[in-house]
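**Student:** All residue numbers in the sequence shown are consecutive under my numbering, ending with 843.
Just passing along the structure, written as structure tokens.
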Amino acid sequence: IVKYGFAVVRGLPAAEGVCAKFANLLGVIRATNWGLVFNVENKAVSKRAEDNVSTEDIAYTNLGIPLHVDNPYREPAPGYQLLHCITQDTQSTEGGMNTVADGYYVASTIREQNPEMFQTLSTVPIAFEYSD
């Protein structure tokens, strides 16, 4: 984590509750409006209103989730986030990959290559807020 900004943990059982149990070894899990754990799962996207399937959140689709920051509006902001694949669609040949970016490395590169831009990015306050 120190060198790359993320870590891959292998060998955890593919079962509900394992990710939370592992996370508790690292520290206290803070609840959000989604609870202690948020399940990212593909729920069939239906065109029928009575099916009541949310298509507003990409986490409920089989679409790739682009790079983003979760919960930047929380105080304090999350320190770590864990992803644990319990099941994967074995019928599909696409998907299942994660993309990560090390924000500290990006900031360090900007500081070296464009100090003026870094000064702006590190001193101009930006307000984040949650809207449902």
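Glycine is no exception: its CB is placed at the ideal position from the N, C-alpha and C atoms.
Residues in its own chain within less than 8 Å of F829 by CB, not counting five upstream and five downstream?
**Tutor:** Contacts found: A818, I821, R822.
**Student:** What does DSSP give as the partner residues of T743 in its beta bridges?
**Tutor:** In the DSSP output, where bridge partners are listed per residue, T743 has G746.
**Student:** Of all the options A838, T810, V751, Q824, which has the alpha carbon lying nearest to the alpha carbon of Y771?
**Tutor:** Closest by alpha carbon: V751.
**Student:** Can you check which of these residues, P787, I776, F839, is closest to V739 by C-alpha distance?
**Tutor:** The shortest Cα separation from V739 among P787, I776, F839 belongs to P787.
**Student:** Going by DSSP in three states, M808 sits in which element: helix, strand or coil?
**Tutor:** The answer is coil: DSSP assigns M808 none of H, G, I, E or B.
**Student:** With DSSP as the reference, label P836 as helix, strand or coil.
**Tutor:** Reduced to three states, the DSSP call for P836 is coil.
**Student:** What does the alpha-carbon distance come out to for the pair G746 and R785?
**Tutor:** Answer to the nearest angstrom: the Cα atoms are 14 Å apart.
**Student:** Give a yes or no on whether the C-beta atoms belonging to T798 and A725 are separated by under 8 Å.
**Tutor:** Closer than 8 Å, so yes.
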